[in-house]
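*Asks:* Heads up: the protein sequence lines correspond to chains A and B, in order. All residue numbers for the first sequence refer to the working numbering, where the first residue is 475 and numbers rise by one. All residue numbers for the second sequence refer to the working numbering, where the first residue is 3 and numbers rise by one. Each residue gets a CB set at the ideal place from its N, CA and C atoms; glycine is no exception. Since we're looking at a predicted model, the values are computed, not measured. Quick one: the structure is below, questions incoming.
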Amino acid sequence: AQRVTQPEKLLSVFKGAPVELKCNYSYSGSPELFWYVQYSRQRLQLLLRHISRESIKGFTADLNKGETSFHLKKPFAQEEDSAMYYCAPTRQGNTPLVFGKGTRLSVIA
Amino acid sequence: DGGITQSPKYLFRKEGQNVTLSCEQNLNHDAMYWYRQDPGQGLRLIYYSQIVNDFQKGDIAEGYSVSREKKESFPLTVTSAQKNPTAFYLCASRGLLGGSSPQHFGDGTRLSIL
Numbered sequence: 475a476q477r478v479t480q481p482e483k484l485l486s487v488f489k490g491a492p493v494e495l496k497c498n499y500s501y502s503g504s505p506e507l508f509w510y511v512q513y514s515r516q517r518l519q520l521l522l523r524h525i526s527r528e529s530i531k532g533f534t535a536d537l538n539k540g541e542t543s544f545h546l547k548k549p550f551a552q553e554e555d556s557a558m559y560y561c562a563p564t565r566q567g568n569t570p571l572v573f574g575k576g577t578r579l580s581v582i583a
Numbered sequence: 003d004g005g006i007t008q009s010p011k012y013l014f015r016k017e018g019q020n021v022t023l024s025c026e027q028n029l030n031h032d033a034m035y036w037y038r039q040d041p042g043q044g045l046r047l048i049y050y051s052q053i054v055n056d057f058q059k060g061d062i063a064e065g066y067s068v069s070r071e072k073k074e075s076f077p078l079t080v081t082s083a084q085k086n087p088t089a090f091y092l093c094a095s096r097g098l099l100g101g102s103s104p105q106h107f108g109d110g111t112r113l114s115i116l
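In structure tokens:
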């Protein structure tokens with residue numbers, strides 16, 4: 475069965491500290507992976523996708539096929555990073571994304 | 003900031019009543035999806051449609067129904083059979099087949115029981 479695990483429900487870090495939000499998946503074949511973010515009172519929006527290998531708002535995520543992980547990282551957390559983060563793998567095409575339960579990141583000043 | 007429009011923003015349901023949540027997109031996307039978001043549960047898939055006049059059940063389809071008569075519209079009906087309908091409902095759409103196109107989301111509808 476397709477499954478995605480975000481082990482931390484809540485992650486609190488101090489401003490300026492590094493942050494890593496964990497995501498592990500179990501998928502056959504080669505899934506596509508996304509990170510979505512939901513800021514307070516805003517709609518769920520795409521943060522980054524593994525295929526583009528880009529850095530958005532200072533966040534990066536490396537796909538580790540051996541460990542089946544797609545952890546989200548940022549070297550220096552900012553207060554505006556406080557939000558709910560969801561990891562979402564899917565197969566190619568229009569099959570639905572499967573979302574993890576999410577991790578709430580709280581950046582403390 | 004158009005793209006996907008969900009209405010209403012807030013909806014109240016009485017016992018035994020069916021209610022319909024609207025989702026419209028102007029992105030010319032083939033696929034549309036309905037998710038339910040509960041605290042601590044993440045997003046769970048209710049129904050999805052990859053093409054007009056076709057749709058599939060997701061993980062928690064019981065008590066819900068959908069239709070896809072037009073490409074741009076994918077309404078969700080919460081029936082009286084859904085015993086715990088209080089939740090935040092999110093509609094999403096996705097572009098062309100193939101590739102790694104992301105899903106785009108609406109602002110959501112919050113459904114509560116009177």
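1. Have a look at B/I53 and B/N30 and give me their C-alpha separation to the nearest angstrom.
2. Going by DSSP, name the residue or residues bridged to A/Y501.
3. So what's B/E64 in DSSP terms, helix, strand or just coil?
4. Cβ of A/A557 less than 9 Å from any chain B Cβ?
5. What's the gap between the Cα of A/Y499 and the Cα of A/V478?
6. Using 8 Å as the cut-off, can you tell me whether the region 486–498 of chain A makes contact with the region 545–565 of chain A, which would need three or more C-beta pairs spanning the two stretches below that distance?
7. Starting from the C-beta of B/S24, find all residues in its chain whose C-beta is less than 6 Å away, skip the five residues before and the five after it, and write them out in chain order.
8. Listed in chain order, which residues of the region 520–534 of chain A have Cβ atoms closer than 7 Å to some Cβ of chain B?
9. For B/S95 and B/T22, what's the separation of their Cα atoms in angstroms?
10. To which residues does DSSP link B/S69 through a beta bridge?
11. Work out the CA separation of B/E74 and A/K575 for me, nearest whole Å.
12. Please name the residue, chosen from B/M34, B/Q58, B/L47, that lies closest to A/V572 on a Cα-to-Cα basis.
13. Starting from A/G490, follow its DSSP beta bridges and name the residues at the other end.
14. If you check the beta carbons only, do B/Y66 and B/T79 fall under 9 Å apart?
*Replies:* With the structure as the only source:
1. 11 Å
2. DSSP lists no partner for A/Y501.
3. coil
4. no
5. Between the alpha carbons of A/Y499 and A/V478 lies a gap of roughly 4 Å.
6. yes
7. S9, P77
8. L520, R523, I525
9. 18 Å
10. BP columns for B/S69 are empty, so no partner.
11. 29 Å
12. B/L47
13. Beta-bridge annotation (DSSP): A/G490 is not paired with any residue.
14. yes
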